[in-house]
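Trainee:
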Amino acid sequence: MNIVTPDLCDEYPHVQVVEPMFANFGGRDAFGGQIVTVKCHEDNSVVKAQVDQPGAGKVMVVDGGGSLRRALLGDMLAAKAAKNGWAGIIIYGCVRDVDVLAETDLGIQALASHPMKTDKRDIGDLNVEVTFGGVTFKPGEYVYADNNGIIVSPTELKL
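Here the sequence shown is numbered in full-length UniProt numbering, starting from 1 and rising by one per residue.
(1) Rounded to whole angstroms, what is the Cα-Cα separation between Val-4 and Ile-123?
(2) Does DSSP put Met-116 in a helix, a strand or coil?
(3) Excluding the 5 residues preceding and the 5 following Asn-44 in the sequence, name in chain order all residues of the same chain whose CB lies nearer than 6 Å to its CB.
(4) Classify Met-76 as helix, strand or coil using the three-state DSSP reduction.
(5) What does DSSP give as the partner residue(s) for Phe-137 in the beta ladder?
(6) With a threshold of 16 other CB atoms inside 10 Å of the CB of Arg-69, please say whether the residue is buried or exposed.
(7) If you compare alpha carbons, which of Val-15, Gly-134 and Met-60 is closest to Gln-50?
(8) Residues in the same chain with beta-carbon distance under 7 Å from Ala-82, minus the five sequence neighbours each way, listed in chain order, please.
(9) Run through DSSP, which three-state label would Asp-52 get?
(10) Less than 9 Å between the C-beta atoms of Pro-20 and Gly-149, yes or no?
(11) Answer with buried or exposed for residue 190, where buried requires no fewer than 16 other C-beta atoms within 10 angstroms of its C-beta.
(12) So, at 6 Å on beta carbons, what are the nonlocal neighbours of Gly-66 in its own chain, with the 5 sequence-adjacent residues on each side left out?
(13) Under a Cβ-count criterion, where at least 16 other Cβ atoms within 10 Å of its own Cβ denotes burial, should Thr-37 be classed as buried or exposed?
(14) Using CA coordinates, which residue listed in Glu-141, Ala-23 and Leu-157 is at the minimum distance from Val-98?
(15) Check the C-beta distance from Ala-87 over to Gly-27 and give it rounded, since I have them as a contact under 8 Å.
(16) Identify the residues that DSSP records as bridge partners of Thr-37: which are they?
(17) With 16 other CB atoms within 10 Å as the buried threshold, where does Ala-30 fall?
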């Protein structure tokens, strides 16, 4: 999949562009797919459950409330996501184990890294609309990401 977000913005001016705040942590510099959302705060129980499911080339968009106090994704969950066919994970929050994540065949964008894992309280919502970075992410719509940024479209874009 050849994703270049500036080219996609030029060709599809209707796309929404997420405010620049994310860094690339995964082994894939560019990724995209249909959106699956998770809303959670310092508890990655729902993320953990989702990476065990077949990803089918989809992208998990995780609204962690922008918390910089816990990591919502680490090496073990990223490896499961890659193995189960997820294209990528975008986290409005932190990740950890960044050296291993960089070698994992998965697109991963997040705000920062943090060494502390989350608490497991089984709290979180799956496939609800989430808003951050000036964009609302809706389950079933499409997201595309590369080192230039992240864009969202209500329909799949022809690459």
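Where is the CB? At the ideal position from N, CA and C, for every residue including glycine. In this text the structure is predicted, and so the values were computed from the model without any measurement.
Mentor: According to the data block:
(1) Taking the first residue of the sequence shown as position 1, residue 4 is located at position 4. Taking the first residue of the sequence shown as position 1, residue 123 is located at position 123. About 35 Å.
(2) In the sequence shown, counting from the first residue as 1, residue 116 sits at position 116. Coil, per DSSP.
(3) The count along the sequence shown starts at 1 and reaches residue 44 at position 44. Hits under 6 Å: Leu-72 and Thr-118.
(4) The sequence position of residue 76 within the sequence shown is 76, counting from 1. If DSSP states are grouped into helix, strand and coil, Met-76 belongs with the helices.
(5) The residue you call residue 137 lines up with position 137 of the sequence shown. Its beta-bridge partners are Val-130.
(6) Taking the first residue of the sequence shown as 1, we reach residue 69 at position 69. Per the 10 Å Cβ criterion, exposed.
(7) To locate residue 50, count along the sequence shown from 1; it is residue 50. When only C-alpha atoms are compared, the closest one is Met-60.
(8) Along the sequence shown, read from residue 1 onward, the residue named residue 82 stands at position 82. For Ala-82, where only same-chain residues beyond five positions count, the Cβ hits under 7 Å are Thr-104, Asp-105 and Leu-106.
(9) Counted from its first residue, the sequence shown places residue 52 at position 52. Coil.
(10) Translated into positions along the sequence shown, residue 20 becomes position 20. Translated into positions along the sequence shown, residue 149 becomes position 149. It is a contact, given that the beta carbons lie within the stated cut-off.
(11) The requested residue 190 is not part of the displayed model; the chain covers only 1 to 159.
(12) Stepping through the sequence shown from its first residue, residue 66 is reached at position 66. Taking Gly-66 as the centre and dropping the five residues before and after it, the same chain places the C-beta of Tyr-92 closer than 6 Å to its C-beta, in chain order.
(13) The sequence position of residue 37 within the sequence shown is 37, counting from 1. Buried, by the Cβ-count rule.
(14) Position 98 of the sequence shown, counted from the first residue, corresponds to residue 98. It is Ala-23.
(15) Here residue 87 refers to the residue found at position 87 of the sequence shown. Here residue 27 refers to the residue found at position 27 of the sequence shown. No, Ala-87 and Gly-27 are not in contact; Cβ-Cβ is about 12 Å, not under 8 Å.
(16) Along the sequence shown, one-based indexing puts residue 37 at 37. In the DSSP output, where bridge partners are listed per residue, Thr-37 has Val-61.
(17) For this step, residue 30 is matched to residue 30 along the sequence shown. So Ala-30 counts as buried.
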